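Asker: Right, I'll just put the structure down here and ask away after.
In our numbering, the protein residues as written are 1161 to 1339.
Structural data, given as C-alpha coordinates:
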(Lines of atoms letter the chains of each structure in order from A and count residues from 1; the text may use other names and numbers.)
(Lines give C-alpha, C1' and ligand atoms only; values in the text may rest on other atoms or scores of the structure.)
Protein backbone atom coordinates (compact mmCIF):
# COMPACT_ATOMS: atom_id res chain seq x y z
CA UNK A 1 0.00 0.00 0.00
CA UNK A 2 2.83 2.41 0.91
CA UNK A 3 4.59 1.71 -2.41
CA UNK A 4 1.44 2.48 -4.39
CA UNK A 5 1.00 5.76 -2.50
CA UNK A 6 4.64 6.74 -3.15
CA UNK A 7 4.26 6.00 -6.87
CA UNK A 8 1.08 8.07 -6.97
CA UNK A 9 2.81 10.99 -5.21
CA UNK A 10 5.79 10.75 -7.56
CA UNK A 11 3.52 10.79 -10.63
CA UNK A 12 1.62 13.75 -9.25
CA UNK A 13 4.82 15.67 -8.57
CA UNK A 14 6.17 14.82 -12.02
CA UNK A 15 2.92 15.95 -13.66
CA UNK A 16 3.07 19.15 -11.59
CA UNK A 17 6.63 19.88 -12.76
CA UNK A 18 5.75 19.17 -16.40
CA UNK A 19 2.75 21.52 -16.25
CA UNK A 20 4.87 24.24 -14.62
CA UNK A 21 7.60 23.85 -17.26
CA UNK A 22 5.04 24.02 -20.06
CA UNK A 23 3.49 27.17 -18.59
CA UNK A 24 6.92 28.79 -18.30
CA UNK A 25 7.62 27.87 -21.93
CA UNK A 26 4.26 29.25 -23.09
CA UNK A 27 4.85 32.57 -21.31
CA UNK A 28 8.39 32.76 -22.70
CA UNK A 29 7.35 31.96 -26.30
CA UNK A 30 4.41 34.39 -26.17
CA UNK A 31 6.78 37.09 -24.91
CA UNK A 32 9.56 36.43 -27.44
CA UNK A 33 7.60 35.88 -30.62
CA UNK A 34 4.45 37.91 -30.13
CA UNK A 35 5.69 41.36 -29.19
CA UNK A 36 5.63 44.93 -30.50
CA UNK A 37 8.01 47.65 -29.30
CA UNK A 38 6.08 50.81 -28.50
CA UNK A 39 7.49 54.13 -29.73
CA UNK A 40 6.34 55.96 -26.59
CA UNK A 41 9.57 57.07 -24.89
CA UNK A 42 13.29 56.44 -25.07
CA UNK A 43 12.93 53.20 -23.15
CA UNK A 44 9.67 52.64 -25.01
CA UNK A 45 7.90 49.67 -23.76
CA UNK A 46 6.99 46.31 -25.08
CA UNK A 47 3.52 44.94 -25.69
CA UNK A 48 3.61 41.17 -25.79
CA UNK A 49 1.25 38.26 -25.30
CA UNK A 50 3.33 36.95 -22.40
CA UNK A 51 1.07 38.98 -20.14
CA UNK A 52 -1.98 37.18 -21.56
CA UNK A 53 -0.25 33.84 -20.92
CA UNK A 54 0.54 34.92 -17.34
CA UNK A 55 -3.15 35.68 -16.81
CA UNK A 56 -4.20 32.38 -18.42
CA UNK A 57 -1.73 30.35 -16.34
CA UNK A 58 -2.84 32.05 -13.12
CA UNK A 59 -6.55 31.68 -13.82
CA UNK A 60 -6.40 28.07 -15.01
CA UNK A 61 -3.75 26.71 -12.62
CA UNK A 62 -3.78 29.00 -9.58
CA UNK A 63 -1.44 31.44 -7.85
CA UNK A 64 1.71 29.33 -7.50
CA UNK A 65 1.89 28.14 -11.09
CA UNK A 66 0.85 31.59 -12.36
CA UNK A 67 3.57 33.27 -10.33
CA UNK A 68 6.24 30.80 -11.45
CA UNK A 69 5.18 30.91 -15.12
CA UNK A 70 5.12 34.71 -15.25
CA UNK A 71 8.30 35.26 -13.26
CA UNK A 72 10.48 32.63 -14.93
CA UNK A 73 9.02 32.91 -18.46
CA UNK A 74 9.40 36.68 -18.68
CA UNK A 75 12.62 36.65 -16.66
CA UNK A 76 14.14 34.30 -19.25
CA UNK A 77 12.99 36.65 -21.97
CA UNK A 78 14.82 39.51 -20.27
CA UNK A 79 17.99 37.42 -20.02
CA UNK A 80 18.12 36.47 -23.71
CA UNK A 81 16.81 39.65 -25.30
CA UNK A 82 19.15 42.34 -24.05
CA UNK A 83 17.02 43.40 -21.08
CA UNK A 84 19.27 41.51 -18.64
CA UNK A 85 19.31 44.27 -16.01
CA UNK A 86 15.54 43.96 -15.77
CA UNK A 87 15.46 40.20 -15.12
CA UNK A 88 15.57 40.29 -11.29
CA UNK A 89 12.85 42.95 -11.21
CA UNK A 90 10.76 40.99 -13.70
CA UNK A 91 11.02 37.92 -11.49
CA UNK A 92 9.52 39.91 -8.63
CA UNK A 93 7.00 42.09 -10.51
CA UNK A 94 5.61 39.33 -12.71
CA UNK A 95 5.76 36.73 -9.98
CA UNK A 96 3.67 38.97 -7.74
CA UNK A 97 1.30 39.79 -10.59
CA UNK A 98 0.72 36.12 -11.37
CA UNK A 99 0.23 35.32 -7.71
CA UNK A 100 -2.32 38.11 -7.23
CA UNK A 101 -4.34 37.01 -10.28
CA UNK A 102 -4.35 33.37 -9.21
CA UNK A 103 -5.08 34.11 -5.56
CA UNK A 104 -8.14 36.21 -6.42
CA UNK A 105 -9.37 33.97 -9.26
CA UNK A 106 -9.04 30.89 -7.04
CA UNK A 107 -10.54 32.49 -3.92
CA UNK A 108 -13.52 30.93 -2.19
CA UNK A 109 -13.10 27.65 -4.06
CA UNK A 110 -13.87 29.16 -7.46
CA UNK A 111 -10.68 27.82 -9.10
CA UNK A 112 -10.82 30.41 -11.88
CA UNK A 113 -14.39 29.52 -12.79
CA UNK A 114 -15.90 33.01 -12.47
CA UNK A 115 -15.37 35.26 -15.50
CA UNK A 116 -16.22 38.33 -13.40
CA UNK A 117 -13.78 37.42 -10.64
CA UNK A 118 -11.09 36.57 -13.23
CA UNK A 119 -11.51 40.01 -14.79
CA UNK A 120 -11.34 41.69 -11.38
CA UNK A 121 -8.23 39.62 -10.54
CA UNK A 122 -6.46 40.67 -13.72
CA UNK A 123 -7.38 44.34 -13.25
CA UNK A 124 -6.27 44.35 -9.59
CA UNK A 125 -2.92 42.82 -10.56
CA UNK A 126 -2.06 45.73 -12.86
CA UNK A 127 -1.07 48.19 -10.08
CA UNK A 128 1.18 45.48 -8.62
CA UNK A 129 3.03 45.13 -11.93
CA UNK A 130 3.12 48.91 -12.46
CA UNK A 131 4.58 49.47 -8.98
CA UNK A 132 7.17 46.73 -9.51
CA UNK A 133 8.46 48.20 -12.74
CA UNK A 134 8.20 51.78 -11.47
CA UNK A 135 10.48 50.89 -8.55
CA UNK A 136 12.77 49.01 -10.95
CA UNK A 137 13.15 51.99 -13.26
CA UNK A 138 13.57 54.36 -10.32
CA UNK A 139 16.48 52.24 -9.10
CA UNK A 140 18.03 51.72 -12.54
CA UNK A 141 17.71 55.35 -13.68
CA UNK A 142 18.34 56.93 -10.25
CA UNK A 143 15.28 59.05 -10.89
CA UNK A 144 11.67 58.77 -9.73
CA UNK A 145 10.15 60.92 -12.50
CA UNK A 146 11.49 59.18 -15.62
CA UNK A 147 9.63 55.92 -14.84
CA UNK A 148 6.27 57.68 -15.17
CA UNK A 149 6.77 57.63 -18.95
CA UNK A 150 6.61 53.81 -18.96
CA UNK A 151 3.23 53.59 -17.26
CA UNK A 152 1.08 54.09 -20.41
CA UNK A 153 2.93 51.32 -22.27
CA UNK A 154 2.62 48.96 -19.31
CA UNK A 155 -1.10 49.71 -19.09
CA UNK A 156 -1.52 48.98 -22.82
CA UNK A 157 0.34 45.69 -22.35
CA UNK A 158 -1.97 44.67 -19.51
CA UNK A 159 -5.13 45.71 -21.35
CA UNK A 160 -4.08 43.60 -24.35
CA UNK A 161 -3.36 40.71 -21.98
CA UNK A 162 -6.77 41.01 -20.34
CA UNK A 163 -8.62 41.30 -23.66
CA UNK A 164 -6.94 38.09 -24.87
CA UNK A 165 -6.87 36.07 -21.63
CA UNK A 166 -10.38 36.47 -20.24
CA UNK A 167 -12.23 35.06 -23.29
CA UNK A 168 -9.62 32.29 -23.73
CA UNK A 169 -10.04 31.25 -20.09
CA UNK A 170 -13.84 31.34 -20.38
CA UNK A 171 -13.62 28.88 -23.29
CA UNK A 172 -10.96 26.67 -21.69
CA UNK A 173 -12.90 26.45 -18.41
CA UNK A 174 -15.57 24.55 -20.36
CA UNK A 175 -13.04 21.81 -21.15
CA UNK A 176 -13.29 18.97 -18.64
CA UNK A 177 -9.54 19.12 -17.80
CA UNK A 178 -9.90 22.66 -16.45
CA UNK A 179 -13.21 22.27 -14.57
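Beta carbons: idealized from backbone N, C-alpha and C, even for Gly. A quick note: this is a predicted structure, and the numbers were derived from the prediction, not measured.
Exposed or buried, what is residue 1318 when buried is set at 16 or more other beta-carbons lying within 10 Å of its beta-carbon?
Answerer: Classification for residue 1318: buried.
Asker: What's the gap between the Cα of residue 1321 and the Cα of residue 1213?
Answerer: Straight-line Cα distance between these residues: approximately 8 Å.
Asker: Specify, as a first and last residue, the run of the beta strand (DSSP E) that residue 1271 falls within.
Answerer: No beta strand (DSSP E) holds residue 1271; DSSP gives it neither H nor E.
Asker: Taking the straight line between their C-alpha atoms, what separation do you get for residue 1195 and residue 1287?
Answerer: Going by the C-alpha atoms only, they are around 21 Å apart.
Asker: Terminal residues of the continuous alpha helix (DSSP H) containing residue 1305?
Answerer: Per DSSP, residue 1305 belongs to no alpha helix (DSSP H) and is neither H nor E.
Asker: Please go through the same chain and pick out, in chain order, the residues whose beta-carbon is closer than 7 Å to the beta-carbon of residue 1328, but skip the five residues on each side of it.
Answerer: The residues are 1216.
Asker: Does the Cβ of residue 1313 have 16 or more other Cβ atoms within 10 Å, making it buried, or fewer, making it exposed?
Answerer: Answer is buried; the Cβ neighbour count reaches 16.
Asker: Less than 8 Å between the CB atoms is what I'm expecting for residue 1290 and residue 1311, so what's the real figure, rounded?
Answerer: Residue 1290 to residue 1311, Cβ: 6 Å. Contact.
Asker: With a threshold of 8 Å, are at least 3 pairs of Cβ atoms found where one atom belongs to the region 1266 to 1277 and the other to the region 1222 to 1230?
Answerer: The region 1266 to 1277, when compared against the region 1222 to 1230, does touch it at the 8 Å Cβ threshold.
Asker: With 16 other CB atoms within 10 Å as the buried threshold, where does residue 1281 fall?
Answerer: Looking at its Cβ environment, which holds 16 or more other Cβ atoms inside 10 Å, residue 1281 is buried.
Asker: Would you say residue 1241 and residue 1192 are within 9 Å of each other, going by their C-beta atoms?
Answerer: Closer than 9 Å, so yes.
Asker: Can you pull the DSSP bridge partners for residue 1251?
Answerer: DSSP output for residue 1251 lists no bridge partner at all.
Asker: Specify the secondary structure class of residue 1224 as computed by DSSP and reduced to three states.
Answerer: The answer is helix: DSSP assigns residue 1224 an H, G or I state.
Asker: Does the Cβ-Cβ distance between residue 1232 and residue 1189 come in under 9 Å?
Answerer: No. Outside cutoff.
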